[in-house]
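Numbering (my numbering), first residue to last: 5 to 291. Ideal placement from N, C-alpha and C gives every residue a C-beta, glycine not left out.
Structure below.
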């Protein structure tokens with residue numbers, strides 16, 4: 005039958021092929037769930053908009069659900085880097101301390117900033133060329149003990165010892181680096197410093213405990229490492245002072261005396277409790 009122009013069924017074309025079936029067999033190893041309303045407590049109506057997690061079946065729509073929304077803001081599915089944390093290290097006076105050369109104050113060193121592992125730039129191992137260039141711009145000092153002023157602190161065979169003073173020996177030249185002196189102080193409020201050998205680029209490191217030799221470690225100027233930080237006491241007389249650990253001022257740098265109660269070329273340097281010995285009193289002077 006012919007319909008007049010403008011009739012609602014104008015330009016209707018009968019389908020040449022039968023419509024596709026309403027359902028398809030499920031893929032292998034997939035458990036198909038009935039789509040009858042009410043058969044599944046998690047099933048929602050197929051009317052678009054009836055369920056905020058349902059995808060519309062209109063042509064051109066995405067048949068897959070959207071990615072989960074982030075809970076961190078900004079639509080990013082990954083958490084942001086955590087902010088820097090501030091660590092506060094307090095070195096309270098130890099029990100029974102009897103240090104006649106202490107300042108008598110009770111000042112704690114200030115905090116320094118650090119980042120958790122895995123975020124930000126990692127600490128770079130000692131880069132020899134960078135460290136030596138850094139040290140080359142620093143003046144050097146001589147370190148010697150009152151027990152024998154003719155000997156100086158040096159490095160020999162990878163160990164910290166005393167040697168007969170020789171200004172031409174590069175291993176007797178040290179850099180007193182005060183890079184973190186405003187950030188880290190001992191329990192008495194004295195600023196910290198590092199002693200770095202200009203010839204080797206190694207820093208003087210705390211020993212493993214009392215009566216043990218001090219150690220050496222490659223120096224990394226941009227890494228705050230408290231195991232290489234030291235402080236000076238008040239004047240113990242004639243300008244000599246004790247050199248002690250920043251986080252335990254009861255252990256002092258000590259030139260271990262031999263059986264003759266003297267120090268000499270090759271004397272080992274370690275840590276000891278304060279016993280008022282001349283071998284525990286030091287001067288750090290410019291070359």
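Annotation: residue 247 to residue 191 spans about 14 Å, alpha carbon to alpha carbon.
DSSP places residue 282 within a helical segment (H, G or I) once states are collapsed to three.
Residue 277 has 255 as its beta-bridge partners, per DSSP. Residue pairing of residue 168 in beta bridges, as defined by DSSP: 155.
One thing to note: residue 142 has its Cβ within 9 Å of the Cβ of residue 179. Judged by DSSP secondary structure, residue 137 falls within the alpha helix (DSSP H) whose first and last residues are 132-140. Distance between residue 158 and residue 189, taken at the CA atoms: about 26 Å. If you draw a 10 Å sphere on the C-beta of residue 227, you find fewer than 16 other C-beta atoms in it, and that means exposed. Exposure of residue 186 is indicated by the presence of fewer than 16 other C-beta atoms within 10 angstroms of its C-beta. Relative to the Cα of residue 257, the nearest Cα in the group 240, 137, 263, 276 belongs to 276. For the set 238, 221, 271, the Cα lying nearest the Cα of residue 230 is the one of 221. Here residue 176 carries a helix assignment [DSSP, helix/strand/coil]. Looking from the CA of residue 177, the closest CA among 203, 269, 162 belongs to 203.
Secondary structure at residue 198: strand, using DSSP grouped into helix, strand and coil.
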